[in-house]
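Asks: There's a structure below that I have some questions on.
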Amino acid sequence: MTNPLFAEQIERACLNSERSAGNRALCGCIQDAANLTLTSRDQRMAAEFFDDPHRAQEIRQSDRRSHEAFWQRYKNFGQTAEIFCQG
Numbered sequence: 002m003t004n005p006l007f008a009e010q011i012e013r014a015c016l017n018s019e020r021s022a023g024n025r026a027l028c029g030c031i032q033d034a035a036n037l038t039l040t041s042r043d044q045r046m047a048a049e050f051f052d053d054p055h056r057a058q059e060i061r062q063s064d065r066r067s068h069e070a071f072w073q074r075y076k077n078f079g080q081t082a083e084i085f086c087q088g
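Quick note on the numbering used here: the sequence shown kicks off at 2 and runs consecutively.
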């Protein structure tokens, strides 16, 4: 589902975030969940949330159909990552 040009965007954003403390195993697992559930375009948008959490709130509250559809895929990604990446 991912485009090699944009591969591992979620993992890189995760590793660079203050919250992950550079946990490569966890960030890699989250990337695996993203690869299963999100398009490369979705992953680009989701990767932005690591640096700008307010952007996630804007997308979630948006009335645009494309944002609503993305948010449903993003929620599925979050649930998948939670199940796959339990420590």
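C-beta: ideal position from N, C-alpha, C; glycine also.
Source: prediction; values computed, not measured.
Can you list, in chain order, the residues of its chain whose CB lies under 7 Å from that of D33, leaving out five sequence neighbours each side?
Replies: Only F85 meet the Cβ criterion.
Asks: Measuring only the C-alpha atoms, how far is E49 from Q87?
Replies: Rounded to whole angstroms, E49 to Q87 spans 23 Å at the Cα level.
Asks: Kindly confirm or deny that the stretch 35-47 and the stretch 71-82 touch, where touching means at least three C-beta pairs closer than 8 Å.
Replies: Yes, the stretch 35-47 is in contact with the stretch 71-82.
Asks: How about I11 and A35: are their beta carbons less than 8 Å apart?
Replies: For I11 and A35, yes; Cβs fall inside 8 Å.
Asks: Could you check where the alpha helix (DSSP H) with D61 kicks off and where it finishes?
Replies: For the record, residue 61 in the displayed sequence is Arg; it is not Asp. Note, R61: alpha helix (DSSP H), P54 to Q62.
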